Amino acid sequence: MKLSEIIRHTKSTVSAGNISDDKNMEKAFSSDLMSDVLTLDEENILLISGLANVQLIRTAEMADISAVLLARNKKATPEMIELANENGLIILETPYSIYKASGVLYSNGLKEVY
Amino acid sequence: MALKLDFIIEGGNFSKAGKASSQIKKVLKQLDIDTKIIKSIVVAIYEAEVNVAAHAYSGKLTGTIGENEIEVVVADKGPGIEDIGKAMEAGFSTASKEVREMGFGAGMGLPNIKKNTDEMTIESKVGEGTTLRFKCLY
């Protein structure tokens, strides 16, 4: 699924990163547990989370995650945005809950990791 | 010629955890190492940094990047680990509520370091601190 479609389906706004190449994402994972995200063998996925802190961005950096979607109106802090821009990570913000964002994206064809 | 990189890790300072893994990732990328292997290495280093921030008072991380492998030593001053066998069990954790709120402390760190490395040892003295060593081949 194209990043632009992810944005459209979840009514997201972009708070960090360059979306001009409209990257194609095949899979997504939803979690607030960074330890769990760090065990994934998949790369270049979308991470949907309610955890809006620097650890989310660091975890994404180490786990080679391309984009994070902050659920339920969680806002990226300036520190998160700075770190994301440094590493080319895209941060999206959606008013939808993790459940709704995951459900909408899944039903439109964005595949699961597990 | 091996390249040695030293980092100080502050206990309790989560916003800085990730500096060592981030820096080492940049160096490994320049060496044209397979991205899957880089990911394993930096995930292990990040988990180790988080462990020091979560449990210790202070720590030092040394990464020695050689031609075919990286060796990482993380030595901390802290409470130490009473039962290393238990600490290696998936799901066992002594992490505080604050650590859990940050997305860690699920008892997955040490098992994940083991999974991502080719060799790993832990030595610990209760009341003094812990030294974790691991190697990854590339």
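Top to bottom, those sequences are chains A and B.
Last residue of the first sequence: 114 in the working numbering, with the numbers rising by one and none dropped.
Last residue of the second sequence: 138 in the working numbering, with the numbers rising by one and none dropped.
Positions of the beta carbon are idealized from the N, C-alpha and C atoms, including for glycine.
Predicted model only: the values in this text are computed from it and were never measured.
Residues of the region 4 to 33 of chain B with a C-beta atom less than 8 Å from some C-beta of chain A are 14, 15, 17, 18, 21, 22 and 25, listed in chain order. No Cβ-Cβ contact shorter than 8 Å links residue 19/A with residue 91/A. Beta bridge pairing from DSSP links residue 100/B with no other residue. Residue 126/B has its alpha-carbon roughly 50 Å from the corresponding atom of residue 24/A. Note on geometry: alpha-carbon atoms of residue 35/A and residue 41/A lie some 13 Å from one another. The beta carbon of residue 98/A is closer than 6 Å to those of 30, 48, 50 and 71 in its chain, skipping five residues each way along the sequence.
Taken in chain order, the members of the region 25 to 49 of chain A whose beta-carbon sits within less than 9 Å of a beta-carbon on chain B are 31, 32, 33, 34, 35, 36, 37, 38, 39, 41, 43 and 49.
Pairwise C-beta distances place the region 21 to 30 of chain B out of contact with the region 99 to 109 of chain A, as fewer than three of them are shorter than 8 Å.
Bridge pairing for residue 47/A: 29/A and 68/A [DSSP]. Rounded to whole angstroms, the Cβ separation of residue 75/A and residue 52/A is 6 Å, and the two are in contact under 8 Å. With respect to residue 136/B, residue 89/B sits apart: the two C-beta atoms are not nearer than 8 Å.
At least one CB atom of chain A sits nearer than 8 Å to the CB of residue 47/B.
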